Amino acid sequence: MRILFAGHAPLDDSPTGRAWRTCLEKLRAAGHDVRALVVDGDPNGLERTHVHRVICHAESRNAPLHFPLPTFNGESSGCVNFAKLTDRQLSDYRDVLRIEFDREIDLHDPHIVHTQQLWLFAHLALEAGVPYTASAHGDEFKIGLSDVRYRRFMIEAAENAGRILTHSDAAHSGVSELVGELEGRVRRFPQAVADETTNVAWHAQLPDLYRETFVERFGREPR
0 MRILFAGHAP LDDSPTGRAW RTCLEKLRAA GHDVRALVVD GDPNGLERTH
50 VHRVICHAES RNAPLHFPLP TFNGESSGCV NFAKLTDRQL SDYRDVLRIE
100 FDREIDLHDP HIVHTQQLWL FAHLALEAGV PYTASAHGDE FKIGLSDVRY
150 RRFMIEAAEN AGRILTHSDA AHSGVSELVG ELEGRVRRFP QAVADETTNV
200 AWHAQLPDLY RETFVERFGR EPR
């Protein structure tokens, strides 16, 4: 299958990102055409032919977004919490991601989009009209349930997702509070971790789930 991962965590500098990098590599090794679109705060980070990075950096002249990388957990050097983005920064962030997301859709025509979080990329997939699965890890709900700017995006993205995979009890509770069980489309799923042994269960189940979502949407097998 042709699969596009999209997420707000770099593939090399966070536990979530490293788990998705491992998953991407395993699925590519199994013969799937998997690509990734991620937001990254390091303009000098490692480039991969199948990964497109959107750079957030306050000082890099080549970065399309001239503010620190937004994150879900607190603030650190070179990062800013999503809740601290100004309305203008949030608007610019979504506009740039929309352009890059639509570009990836046009170039690679994925059968399915899988977003790292139930967050802005999931809503962009909804806007683009492509079938998508959203993972939820729990961190996004700390902001999304209290900041009205994000809550609407999360609700609309959740209500229209082909599947929502909850990777923790906090994530499952957050989705249930936000939209309920969505007639079985919310699925508890193994924790997405970068550990090689544990990660086998995480990635191996995904192709069947993607196929199920695609067939449910279009009434035919992906080809």
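Count the sequence shown with numbering that gives the first Met the number 0 and you get residues 0 to 222, in order. Where is the CB? At the ideal position from N, CA and C, for every residue including glycine. Remember, it's a predicted structure, so these values are computed and weren't measured experimentally.
Three-state secondary structure assigned by DSSP to residue i
i: His113; result: strand
i: Gly128; result: coil
i: Ala170; result: helix
i: Arg60; result: coil
i: Gly77; result: coil
i: Phe120; result: helix
i: Leu106; result: helix
i: Gly6; result: strand
i: Thr70; result: strand
i: Ser90; result: helix
i: Ser134; result: strand
i: Asp223; result: Within the shown structure, residues of the chain are numbered from 0 to 222, placing residue 223 beyond reach of any answer.
i: His202; result: helix
Rounded straight-line distance, which links the Cα of residue j to that of residue i
i: Glu139; j: Trp118; result: 7 Å
i: Leu106; j: Ala170; result: 32 Å
i: Gly218; j: Gly128; result: 16 Å
i: Arg20; j: Asp11; result: 8 Å
i: Asp91; j: Arg1; result: 29 Å
i: Leu164; j: Phe100; result: 21 Å
i: Asn61; j: Glu46; result: 15 Å
i: Arg210; j: Leu26; result: 14 Å
i: Arg222; j: Ile54; result: 33 Å
Counted within 10 angstroms of its Cβ, other Cβ atoms place residue i as buried (16 or more) or exposed
i: Phe120; result: buried
i: His49; result: exposed
i: Phe213; result: buried
i: Ile98; result: exposed
i: Ala156; result: buried
i: Ala28; result: exposed
i: Thr223; result: Residue 223 is absent from the structure shown; the chain starts at 0 and stops at 222.
i: Gly40; result: buried
i: Pro109; result: buried
i: Gly179; result: exposed
i: Arg17; result: buried
i: Gly30; result: exposed
Same chain only: Cβ atoms within 6 Å of residue i, ignoring 5 sequence neighbours per side
i: Pro63; result: Val95
i: Asn159; result: Leu125
i: Gln88; result: Phe66
i: Asp146; result: Ala82
Beta-carbon proximity of residue i to residue j, cut-off 8 Å
i: Gly44; j: Pro9; result: yes
i: Leu23; j: Val38; result: no
i: Leu205; j: Val112; result: no
i: Leu177; j: Met153; result: yes
Beta-carbon proximity list for residue i, same chain, < 7 Å, skipping 5 on both sides
i: Thr114; result: Ala5, Gly6, Phe120, Ala121, Ala124, Tyr131, Ala133 and Ser134
i: Arg162; result: Thr132, Arg184, Arg186, Leu208 and Thr212
i: Ala57; result: His65, Phe66 and Pro67
i: Arg93; result: Leu119
i: Ile104; result: Ala127 and Val129
i: Arg52; result: Val37, Asp39 and Gly44
i: Ser59; result: Pro42
Own chain, CB closer than 8 Å to residue i, minus 5 neighbours either side, in chain order
i: Ile142; result: Phe71, Asn80, Phe81, Ala82 and Tyr149
i: Ser175; result: Val185
beta-carbon residue i near the ligand MN non-hydrogen atom, thresh 7 Å
i: Ala29; result: Because no ligand of any kind appears in the structure shown, any question about the ligand MN cannot be addressed here.
Beta carbon proximity, residue i to chain D, threshold 8 Å
i: Phe152; result: Of the protein chains in this structure there is only one, and it is not chain D.
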